[in-house]
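All you need for our numbering is the position in the sequence shown, starting with 1, plus 10.
Ideal placement from N, C-alpha and C gives every residue a C-beta, glycine not left out.
These figures come from a predicted structure and were not determined experimentally.
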Amino acid sequence: MVKVKVAIMGSGNIGTDLMYKLQRSDVLELTAMIGIDSESEGLKRAKQEGYDIFDNGIQALIDNPSLADIIFDATSAKAHVRHAKILRELGKVAIDLTPAARGPFVCPAVNLGEHLEARNVNMITCGGQATIPIVHAINEVADVTYGEIVATIASLSAGPGTRANIDEFTITTRRGIEEIGGADCGKALIILNPADPPILMRDTVYCEVKHMDEDVIRKEIYKMVETVQTYVPGYRLKQEPMFDGDRVTVFLEVGGAGDYFPPYAGNLDIMTAAAMKVGEDYARHMLKSKDNEMISSKVKGV
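Next comes the structure, spelled out in structure tokens:
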């Protein structure tokens, strides 16, 4: 089967986990991992898997533009600001796994396929990918006036990139709650829990709504959980949704697939799984466009 070539920028936890997921894709062909530290665990593992590796950052793509058509950027928000401009000039599609938010937000369970003509899309944050689908589900039937989320992740699962992006996390996730989730006003918090053994990712979603109908809201929440589970099997409700007056509280837990990090790192898993889902959507769109161009050329040549 014909595949679309992709490369990963960023050889940290997220980039390495994504590498193992991409090996299972039917439409994406990983060609290279790009980092800035030749001794990083990610680059070492990529080399062992037979991929091209580079330790000179974005310069690798400038020097080798044919490496890939889609670039997954798993570096940092500050780095992606610079990368976005260069990738656009190179004609690449950028799937941004940082909170830089240089392109439209995409959450597969909510708006997959809406931005296939954009050259840069943003995967929001791990907390956003876990909670925005629930806010959106509630908003669809109850009109959310205020949405607040608290994402709690194991400290061991937060690498240097995640820690460097804490401020951007809160800002970008809040925007996602409002722009994709549909809340009139949003707020986001992240907690790094140092517990040993490490805890699974847990998320609390708190919504104030205008139109309370417990049965309808509960049904939409369960339907959305099933949708997210199609690409993140470890995504689940921790307990039944709670209702109090005009308030709905949902408790979630995300277990990782264990591709690179242990299952407690659900925050890595939901980001990389969502990014792969979006990458595959882009790839199918690209392949379909190429097929249509070939058919059109043949018709004109007849």
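Would DSSP call A78 helix, strand or coil? Coil at A78, not helix or strand.
Contained alpha helix (DSSP H) runs [length at least 4] in the stretch 119-201, N- to C-terminal order: 136-152, 170-174, 176-189
Can the beta-carbon of L107 be found closer than 7 Å to that of A285? yes
Can you give the beta carbon distance from I187 to I159, rounded, assuming they're within the 8 Å contact cut? 7 Å
Could you check whether the stretch 155-172 touches the stretch 208-217, counting it as contact only if at least three pairs of C-beta atoms, one from each stretch, sit closer than 8 Å? As far as the Cβ criterion goes, the stretch 155-172 touches the stretch 208-217, which means the pair count is three or higher.
I'd like to know whether the C-beta atoms of A168 and H221 end up nearer to each other than 7 Å. no
Where S306 sits in the DSSP three-state scheme: Since pLDDT at S306 reaches only 47, below the 50 mark, its modelled position is unreliable, and no value is offered.
Does V12 pass the burial test, meaning 16 or more other C-beta atoms within 10 Å, or should it be called exposed? exposed
Here's a check: name, in chain order, each residue in its chain whose Cβ is nearer than 6 Å to the Cβ of T183, leaving out the five neighbours to either side. T135, G137, G138, A198
Using DSSP bridges, identify the partner residues of V264. M211, Y245
Runs of alpha helix (DSSP H) lying entirely within the stretch 26-69, each at least 4 residues, in chain order: 51-58
Distance between beta carbons of I176 and I200, contact taken as under 8 Å: 7 Å
Is it buried or exposed for N132, if we count other Cβ within 10 angstroms and need 16 for buried? buried
Take T259 as the anchor and find which of K15, V103, A147 has the nearest alpha-carbon. T259 has its Cα closest to that of A147, out of K15, V103, A147.
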